[in-house]
Amino acid sequence: MLIVGAGLSGLSTATFLGLHGVPALVVERHPTTSQHPKAYGQYPHVMEALRLAGLEQRYLEASVLQNVRIMIGVSMAGPIFHTIDEALWPDLSALTTAAWGGAGQDRSEPILADRARELGATIRFSTEVVSFEQDDEGVTVVLRDIPSGERSTVRADYLVAADGHRGGIRGKLGIGGHGRGLLHRLMDVHFEADVPAELPASGHVLMHLQNPELPGGYGDLGNPEQLNRYLFGVRLDDQTQPEDLTEERWLELIRTAVGVPDLPVKLTRRGEEPVEIRHWIADRIRDGRVFLVGDAVRIVPPNGGFGGNTAVMDGFYLGWKLAMVVKGQAGPKLLDSYEPERYPYAETIAAHGLAAFLRAEGQELGEDAMQTDPDPVSRLYFGYRHVSDAIVREPDDDGAPMENPEQPTGRPGSRAPHVPLVKDGADISSIELLGKSFVLLTGAEGEPWATAAAQAAAELGIELPVHRIGGEGGLTDPANTWAKTYGVTESGATLVRPDFYVAWRSRDASGSGELTGALRAVLDR
1 MLIVGAGLSG LSTATFLGLH GVPALVVERH PTTSQHPKAY GQYPHVMEAL RLAGLEQRYL
61 EASVLQNVRI MIGVSMAGPI FHTIDEALWP DLSALTTAAW GGAGQDRSEP ILADRARELG
121 ATIRFSTEVV SFEQDDEGVT VVLRDIPSGE RSTVRADYLV AADGHRGGIR GKLGIGGHGR
181 GLLHRLMDVH FEADVPAELP ASGHVLMHLQ NPELPGGYGD LGNPEQLNRY LFGVRLDDQT
241 QPEDLTEERW LELIRTAVGV PDLPVKLTRR GEEPVEIRHW IADRIRDGRV FLVGDAVRIV
301 PPNGGFGGNT AVMDGFYLGW KLAMVVKGQA GPKLLDSYEP ERYPYAETIA AHGLAAFLRA
361 EGQELGEDAM QTDPDPVSRL YFGYRHVSDA IVREPDDDGA PMENPEQPTG RPGSRAPHVP
421 LVKDGADISS IELLGKSFVL LTGAEGEPWA TAAAQAAAEL GIELPVHRIG GEGGLTDPAN
481 TWAKTYGVTE SGATLVRPDF YVAWRSRDAS GSGELTGALR AVLDR
């Protein structure tokens, strides 16, 4: 398996491939992982996936965002138009036991890289793709070591393009894109300053500035890691270009953004080239044996943290499918489910990111932006459904792409709901039973399912553990809600994929003879 790009999506794909027993070769044209603090924060559904990979604690230790407020205003001195700190970390404890993470990309990428290596991945930095060709059996890729110029050829079953928006793989495949395109360009600067504690926006803050004295009337200012160290960005326009941002001009703009005209400021690093803020989605995300993930799929504004979180989850959702196909546990048509499951979600995430950006800048959404209020975080990350041939849909399934996770149906295509359980005296979530393979959940009266699962596993050559809730094995359901939440009886069963999604269910034990057939349908066997 070859992955091009060692950013969040590429390293996540390598990690989850390794977790499922398939080592990957990752190549990256840059000499290291990202050195810049950006893409802060991990939503709880991402932390669930990272927990599965053994990384939850490492991310929590690297987190810096827990006490950060997000504000919109003229300057740190005010006036402040809006503060959303109360909504920054909504309580999702009814949906998950995972915490919020607060690591930046400069910290999270090395964590993923280390874990990918632990799971068998090889990562080659300063390496670029010269060319690639795919055929019916695999992909042949010519690589170049940038420092030495030495070329090598790699043969891989599949190629994962995690090379970003400007990467060459998507373009060579002739895959176009659509969206608002370039929203604006900005230049940034790092500085140190002791901002007066009495200012309304003092402390740890991420600010969206709406100030006519700034270029283009907008700016962004934040100090998520250390109180006196800030990152400040301003928009480029006809009146302000990179060469206009001299040291003296930066000092003037910083004091305007803080709202303290005589503030002592020390510039520590100035951006070398403009950062582009875009809204863009690829027209498709697969071409034969090549799969697009991360920024190669979609570019969204940073508002809301949608891009980095979704990049990690691209690897989570694709990794297990590729692994099962490569190991011969699934047929190649399982991979046909990647685009119908992930592409509509890419469109949804891009729309939410655009809406968040426009609201932060005080702009109207416009005809091609989101026309209704954005979905709440709970629905966006826990209520999104997968509708594809890798799900055995029920006859009355309406095909809806979303449902309310606070009123879960447990139907195939939906995310397996969180139910509080007790195992050997310890509180756990039903989600903690899932992830490393297909899993069968059944109730106190589900004795027949153990035999059915053993037969299916032996026939298909896969792992299929059975967790009996309320029966033998130490699992109890104190609130007696498991069966109702999953839409089955105590003798029924639910088949859950490695990505926490319900693949099939039987409301009672009468369907035990259908389990192998359901697995064959999902796995293209």
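Numbering (this note's numbering), first residue to last: 1 to 525.
Note that the Cβ used here is the ideal one computed from N, Cα and C, for glycine as well.
Bridge partner(s) assigned by DSSP for residue i
{"i": "Y230", "result": "F191"}
{"i": "W504", "result": "L495"}
{"i": "A156", "result": "V139"}
{"i": "S131", "result": "V142"}
{"i": "V4", "result": "V27 and A161"}
{"i": "P420", "result": "S429"}
Three-state secondary structure assigned by DSSP to residue i
{"i": "Y317", "result": "helix"}
{"i": "S429", "result": "strand"}
{"i": "K436", "result": "coil"}
{"i": "E198", "result": "coil"}
{"i": "V325", "result": "helix"}
{"i": "H178", "result": "strand"}
{"i": "L186", "result": "strand"}
{"i": "A521", "result": "helix"}
{"i": "L19", "result": "helix"}
{"i": "P301", "result": "coil"}
{"i": "D220", "result": "strand"}
{"i": "P215", "result": "helix"}
{"i": "G10", "result": "helix"}
{"i": "L335", "result": "helix"}
Residue i, buried or exposed, once every other Cβ within 10 Å from all chains shown has been counted against 16
{"i": "F306", "result": "buried"}
{"i": "G171", "result": "exposed"}
{"i": "I84", "result": "exposed"}
{"i": "A479", "result": "exposed"}
{"i": "D220", "result": "buried"}
{"i": "V26", "result": "buried"}
{"i": "G7", "result": "buried"}
{"i": "N223", "result": "buried"}
{"i": "D314", "result": "buried"}
{"i": "E361", "result": "buried"}
{"i": "A454", "result": "exposed"}
{"i": "G164", "result": "buried"}
Alpha-carbon spacing of residue i relative to residue j, whole angstroms
{"i": "H352", "j": "R69", "result": "20 Å"}
{"i": "D188", "j": "S34", "result": "16 Å"}
{"i": "R166", "j": "G271", "result": "19 Å"}
{"i": "A193", "j": "L236", "result": "24 Å"}
{"i": "D91", "j": "G102", "result": "15 Å"}
{"i": "I428", "j": "T476", "result": "10 Å"}
{"i": "D283", "j": "D396", "result": "31 Å"}
{"i": "I80", "j": "M71", "result": "7 Å"}
{"i": "A416", "j": "L214", "result": "48 Å"}
{"i": "L529", "j": "V142", "result": "Limits of the chain in this structure are 1 at one end and 525 at the other, which puts residue 529 out of reach."}
{"i": "E403", "j": "P376", "result": "11 Å"}
{"i": "H20", "j": "V205", "result": "39 Å"}
{"i": "F438", "j": "G513", "result": "17 Å"}
{"i": "S510", "j": "T442", "result": "13 Å"}
{"i": "F382", "j": "R117", "result": "30 Å"}
{"i": "A330", "j": "F132", "result": "26 Å"}
{"i": "S430", "j": "P212", "result": "52 Å"}
{"i": "E447", "j": "S491", "result": "8 Å"}
{"i": "E28", "j": "S75", "result": "39 Å"}
{"i": "D135", "j": "V154", "result": "14 Å"}
{"i": "V502", "j": "R393", "result": "10 Å"}
- Query: What are the start and end residues of each continuous beta strand (DSSP E) run of 3 or more residues lying completely inside the stretch 240-293, in chain order?
  - Reply: 266-270, 275-282 and 290-292
- Identify every run of the beta strand (DSSP E) within the stretch 26-98, keeping only runs that are complete inside it and at least 3 residues long; order them along the chain. 69-73 and 80-83
- Only counting runs of 4 or more residues, tell me where the alpha helix (DSSP H) segments fall wholly within the stretch 439-487, in order along the chain. 448-460 and 482-486
- Could you tell me which uninterrupted alpha helix (DSSP H) segments, each at least 4 residues in length, are contained entirely in the stretch 348-417, listed from first to last along the chain? 377-382
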